[in-house]
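Protein sequence lines correspond, in order, to chains R and C. Take 0 as the starting number for the first sequence in numbering that gives the first Met the number 0 and just add one per residue. Take 0 as the starting number for the second sequence in numbering that gives the first Met the number 0 and just add one per residue. Glycine included, C-beta positions come from ideal geometry on N, C-alpha and C. One structure is given here, and the rest of the page talks about it.
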Amino acid sequence: MKVLVPIKRVIDYNVKVRVKADNSNVDLANVKMAINPFCEIAVEEAVRLKEAGIATEVIAVSIGNKSCQEQLRTALALGADRAIQIETDENLDSINVAKLLQKIVEEEQPQLVILGKQSIDSDNNQTGQMLAALTGMAQGTFASAVNVDGDKVNVTREVDSGLQTIALTLPAIVTTDLRLNEPRYASLPNIMKAKRKPLDVKSAADFGIDLTARTNLIKVTPPAQRKAGIIVESIDELVEKLKNEAKVIS
Amino acid sequence: MSILVFAEHDNSELKSDTLKTVAAAQAIGGDIHLLVAGHNCQAVAEAASKVNGVSKVLVADNAAYEHQLAENVSLLVTELAADYSHILATALTTGKNFMPRVAALLDVAQISDIIAVESSDTFVRPIYAGNAIATVQSLDSKKVITVRSTGFDAVATDGNAEIVAVDKVTDAGISSHVNDELSVSERPDLGAASIVISGGRGMQNGENFKLLEGIADKLGAAIGASRAAVDAGFVPNDMQVGQTGKIVAPDLYIAVGISGAIQHLAGMKDSKVIVAINKDAEAPIFQVADYGLVADLFDALPELESKL
Chain R
0 MKVLVPIKRV
10 IDYNVKVRVK
20 ADNSNVDLAN
30 VKMAINPFCE
40 IAVEEAVRLK
50 EAGIATEVIA
60 VSIGNKSCQE
70 QLRTALALGA
80 DRAIQIETDE
90 NLDSINVAKL
100 LQKIVEEEQP
110 QLVILGKQSI
120 DSDNNQTGQM
130 LAALTGMAQG
140 TFASAVNVDG
150 DKVNVTREVD
160 SGLQTIALTL
170 PAIVTTDLRL
180 NEPRYASLPN
190 IMKAKRKPLD
200 VKSAADFGID
210 LTARTNLIKV
220 TPPAQRKAGI
230 IVESIDELVE
240 KLKNEAKVIS
Chain C
0 MSILVFAEHD
10 NSELKSDTLK
20 TVAAAQAIGG
30 DIHLLVAGHN
40 CQAVAEAASK
50 VNGVSKVLVA
60 DNAAYEHQLA
70 ENVSLLVTEL
80 AADYSHILAT
90 ALTTGKNFMP
100 RVAALLDVAQ
110 ISDIIAVESS
120 DTFVRPIYAG
130 NAIATVQSLD
140 SKKVITVRST
150 GFDAVATDGN
160 AEIVAVDKVT
170 DAGISSHVND
180 ELSVSERPDL
190 GAASIVISGG
200 RGMQNGENFK
210 LLEGIADKLG
220 AAIGASRAAV
230 DAGFVPNDMQ
240 VGQTGKIVAP
250 DLYIAVGISG
260 AIQHLAGMKD
270 SKVIVAINKD
280 AEAPIFQVAD
290 YGLVADLFDA
300 LPELESKL
């Protein structure tokens, strides 16, 4: 089966973001960017399905300007077979991302689409579910285990109260949780090989979708700062402070 | 304006987070209806009818909704959506699962995880693991919103709403429930607890989490964990507090053996009082802690338990 893996270029997860002085957005100039950690897990899962003889081809797709080709090359170095970049400079709402991905699904007809459960920048946790709705596919979100079984896939999901396993009719959408797998590192030979793998560039405008923004980002502000705390010297002092100063225990 | 709020429940009990989501609906303003979708969920409907500020409870009681599969519930909510300007669900795993599907079926954007309401179309939500706060205006005619419960205070339960059965059955037939492996705990729910004590990598193994249990019992606290502790297999994933786990804002949060990575802080830094116990005085957790104790947790925890 063909597996499609949409990935996103985001700020590196270790970077502490700064809000721009004019409160228009966060400042991403000269900040280290990387493949979204959840997307990396999605790529890894697809590659493992290929190694297990279940997937025949793994296609990575990303939406953005030319710089997201870096992340597509990373996905290729990790084992994806080919990549598609949908070129746009716009910052798209998830619904519009899902609509573009729907077109790729129609073209490529994958049996499984694996996405990260959320991107660590917008923290929306929407795209996979929206793509499932638009394609009419079943969805297995927050997956910690994926088992393809004939024309079905069993997905174990991380839910509030523990784990839940559901069975989905293929083709289906899976979104990855952190515990699904541990992504591998790309080896140097694989990074070199990835440079020769096919990477198609398509223009978002050519899909004929109305990509008008549905939301208006009015402002971005830093979160309220907590006032500095104190270091206590002993458990006795800690318990005393919690009882009498903070009054959070009795 | 009419607002439809999806009730969070497990078919037997209405979750208290729903009371906070109703508070968000009240902040938007309008006639509020609660939707209870489940199977054999009459007790939930009764509880929902008492939620203050709700004028009507819609009950869709059918086997197709028993496990609230996204494919089925999203079709139901989409069908009901015509009568509402706003559709709200709590940003827990159920709401996060089906609401974007509703939004896409309605061809609108979703505003995820709001922590405040500015007006009927403008909302406040954290981005970048809570390191920036965005004010976002929805330009769609219908607003599909998930609500972070720590942003709102629960409404009272002294109401008396009418209960109306919804006989629509929307079974997409493309997914089915296989089984659940639920964590059983006598302790309060992590999301709702007023005190949380969490362990991190410094706990070294799952056995040592017992050191937290005596303290949790004395304080009536829930026990949480950092991702490091979950990934290392010390404790199950549903105990994870953080950007990708549970978001908590208790009165007191005690972080033990947790360094305080950005992703963990995202899940707890709105706690009223934060205590950190860590042997590394340089750990970033001390920058957000109201009270820090630099000590070996294996000495500190037994002593703390004995002093409570």
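Cα-Cα, which of Ser121/R, Gly135/R and Pro170/R is closest to Ile132/C?
Ser121/R
How close, in whole Å, do the beta carbons of Ala61/R and Lys7/R come, if the pair is a contact with beta carbons under 8 Å?
In the sequence under discussion, the amino acid at residue 61/R is Ser, which differs from the Ala named in the question. With 8 Å as the limit, Ser61/R and Lys7/R qualify as a contact, their Cβ atoms being about 7 Å apart.
Note down, one range per segment and in chain order, each alpha helix (DSSP H) of at least 4 residues found wholly within the region 158-239 of chain R.
187-193 and 234-239
Looking at C-alpha atoms only, which residue of Phe5/C, Ile222/C, Val183/C and Ala299/C is the closest neighbour of Met98/C?
Phe5/C
Since I believe Ile284/C is in contact with Ala265/C (beta carbons under 8 Å), could you give me their beta-carbon distance rounded to a whole number of angstroms?
Ala265/C to Ile284/C, Cβ: 13 Å. No contact.
CB contact check: Tyr83/C to chain R, cutoff 8 Å:
no
Is there a Cβ of chain R sitting closer than 8 Å to that of Gly291/C, yes or no?
yes
Three Cβ pairs or more, each shorter than 8 Å: is that satisfied between the region 41-58 of chain R and the region 11-24 of chain R?
no
Classify Gly37/C as helix, strand or coil using the three-state DSSP reduction.
strand
Nearest to Ser118/C (by Cα), restricted to the options Met0/C, Lys278/C and Leu292/C
Met0/C
Taking the CB atoms as reference points, tell me whether Ala282/C and Gly259/C lie closer together than 8 Å.
yes
What are the residues of the region 64-82 of chain C that lie near chain R, defined by any Cβ-Cβ distance shorter than 8 Å?
His66, Leu68, Ala69, Glu70 and Ser73
Mind checking if Ala245/R is an interface residue toward chain C, Cβ cutoff 8 Å exclusive?
yes
Got a sec? Which residues, its chain only, sit under 8 Å from Gly205/C by beta carbon, not counting five neighbours each side?
Gly232, Phe233 and Val234
Identity of the residues DSSP links to Lys308/C by a beta bridge
Any question about residue 308/C goes unanswered here, given that chain C covers just 0 to 307.
Going by C-alpha to C-alpha distance, which of Gly150/C, Leu74/C and Gln67/C sits closest to Val116/C?
Gly150/C
Interface flag, Asp166/C vs chain R, CB-CB below 8 Å
no
Strictly under 8 Å for the Cβ-Cβ distance: is Leu296/C near chain R by that measure?
no
Assign Gly241/C to one of three DSSP states: helix, strand, or coil.
coil
Which chain R residues are close to Lys268/C, counting only those with a beta carbon under 9 Å from its beta carbon?
Pro222 and Arg225
Taking all protein chains shown into account, do 16 or more other C-beta atoms lie within 10 angstroms of the C-beta of Leu3/C, making it buried, or fewer, making it exposed?
buried
What residues from chain R crowd round Asn130/C, counting only those whose CB sits closer than 7 Å?
Lys15, Val16 and Pro222
If I measure Cβ to Cβ from Arg124/C and keep anything under 7 Å in the same chain, skipping five residues before and after, which residues do I get?
Ile110, Ser111, Asp112, Ile113, Ile114, Ala133 and Val135
What residues from chain R crowd round Ser329/C, counting only those whose CB sits closer than 9 Å?
The structure shown does not extend to residue 329/C, since chain C spans only 0 to 307, so no value can be given for it.
Closer than 8 Å, Cβ to Cβ, to anything on chain R: give me those residues from the region 240-262 of chain C, in chain order.
Gln242, Thr243, Lys245, Asp250, Leu251, Ile261 and Gln262
Under 8 Å Cβ-Cβ, which residues of chain R neighbour Val274/C?
Leu237 and Leu241
Is the beta carbon of Ala79/R closer than 8 Å to that of Val104/R?
no
Could you check if Gln163/R is buried or exposed, using at least 16 other CB atoms within 10 Å of its CB as the buried criterion?
buried
8 Å Cβ shell around Val231/R - same chain, five flanking residues per side excluded:
Leu237 and Lys240
Of all the options Ala215/C, Asp230/C, Gly241/C and Met238/C, which has the alpha carbon lying nearest to the alpha carbon of Leu251/C?
Ala215/C
Sub-8 Å separation of Asn39/C and Asn10/C beta-carbons
yes
Based on Cα-Cα distance, which residue from Ser270/C, Ala294/C and Asp295/C lies nearest to Val287/C?
Ser270/C
Are the beta-carbon atoms of Ala97/R and Ala103/C separated by less than 8 Å?
yes
So, does the region 161-179 of chain C touch the region 55-74 of chain C, judging by three or more C-beta pairs under 8 Å?
yes
So, using beta-carbon positions, are Ile257/C and Ser197/C closer together than 8 Å?
yes
Three-state secondary structure (DSSP) at Ala24/C?
helix
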